[in-house]
Each structure stands twice: as C-alpha cells, then as structure tokens.
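Below: the structure, in structure tokens.
Numbering (our numbering), first residue to last: 174 to 389.
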C-alpha cells in the first residue's frame, strides 16, 4: 500500500504543491474522493477552491463501461472507436448526457448552491482527484476547463498508471503524481483504507472548507 487513506495521500500531495503557492491557484476538487485528498492543500496554503464534476456516460449493455464523459458546462467527450464498434446511437448518447447533466446540477446545488462554472479564466488551476484509472472522466474535465481559458492548468493526483500520466502531459501544463504505476490495477489498491465518501461526509467537509479549519 502507498497510502494509509485519502487524507494521508493529501498530506503528501500538499507537500509537492507548495511550489505553486505563490501563484495563488484555484483548487478544483473532483467529488467525492478528490475532496478528501485536496483538503490539506487548501487548508495549508489558504487557497480558493471549487468543484469540478465530470460524469461517466455508460454503455447501453453495461453502465459501468465508459463510452464517454460529460462535464458541468455540458461539454462531453466520446470514446469514438468503441461507440462505433458497438453501434451506440446518437439518441442514446444525448439521452445519457441529459441524465448525467441532471445529476451534475443536483450535486452542484447540493455542494455549492450554484450551477455556474468555476471562475477559471486567466487563473492558475490545480485539478485534484484521488487517483486515475482509465482517465476518461478526468480528460473530459481537463478539456472543459481549457474551454474557459485558464492561465495554467495543473493536474494533481496521488497515483495513476504511468502510460496515462504520459498521455495526459499534452493536455496540461504540469502533472504532479506521487506514484505512477506501470502495472496498474485500480486506484483503491494503493490505499489501505479506501471507502466511498458519503454525502454526510461531504457536507462536513464543505462546512470545514468554508471555515478553513483543519481536517484530522
């Protein structure tokens, strides 16, 4: 195991992100796991923060298989080769996009009381998640952020496949990844404790972030 839990990973990631402190970056957290990881960076450097919520578009025969992803401004990314291979209709894709947008808006209202896109224009932005598996939803998020013209975009994660990190370098200005793994299995495999973050926990984290209190 590389990390005790997401808080441990967040402590280690915050050490590496000190180099960007003087840029006064906006921290974008990917709920829900990315919130636990990003808490320490926000607290330690007293940084502004917001949410970035991408959602997977599942395949018709198995919703767990991603054929695309959509983000909070409606931008979406499709795995075109697979979509064509299994003959997914455009009607299905549009229906799924609308369904996932409803869920994104619900979470935005619940977490921050607003559906507006984060104020990334001309800002240094650090996008934080608890790890990367396929990277499809994060790539959609990255492309969505770029559409709003940030000054600089940094991706920060505790763990990810080596090949994915290398592939992502062309899409961001910098990547902070504590551990890139050649034979990657799953994000949770590199944490001793990796439970799902509950909605109740999310409420408490948001309250603490708003008060800039220490999470222990």
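The beta carbon of each residue, even a glycine, is placed where N, CA and C say it ideally should be.
Mark residue 259 as exposed unless 16 or more other C-beta atoms lie within 10 angstroms of its C-beta, in which case mark it buried. exposed
If I measure Cβ to Cβ from residue 244 and keep anything under 6 angstroms in the same chain, skipping five residues before and after, which residues do I get? 227, 313, 314, 317
Kindly list the residues whose CB is nearer than 6 angstroms to the CB of residue 288, restricted to its own chain and excluding five residues on each side of it in sequence; keep chain order. 278, 281
Quick check: residue 361 and residue 330, are their CB atoms within less than 7 angstroms of each other? no
Look up residue 241 in the DSSP assignment and say whether it is helix, strand or coil. strand
Tell me the residue span of the alpha helix (DSSP H) that contains residue 263. 263–285
Considering just the uninterrupted stretch of the beta strand (DSSP E) at residue 250, what are its terminal residues? 249–251
In the DSSP assignment, the alpha helix (DSSP H) including residue 181 goes from what residue to what residue? 179–190
Going straight from the alpha carbon of residue 255 to that of residue 182, what length do you get? 34 angstroms
Which first and last residues belong to the beta strand (DSSP E) in which residue 297 is found? 297–301
Under 6 angstroms Cβ to Cβ from residue 207, same chain only, skipping five residues before and after it: list those, please. 301, 302, 303
Verify the CB distance criterion: does residue 250 have a CB-CB separation below 7 angstroms to chain D? Any reference to chain D falls outside this structure, which holds one protein chain only.
Relative to the C-alpha of residue 204, which residue among 379, 383, 384 is closest? 379
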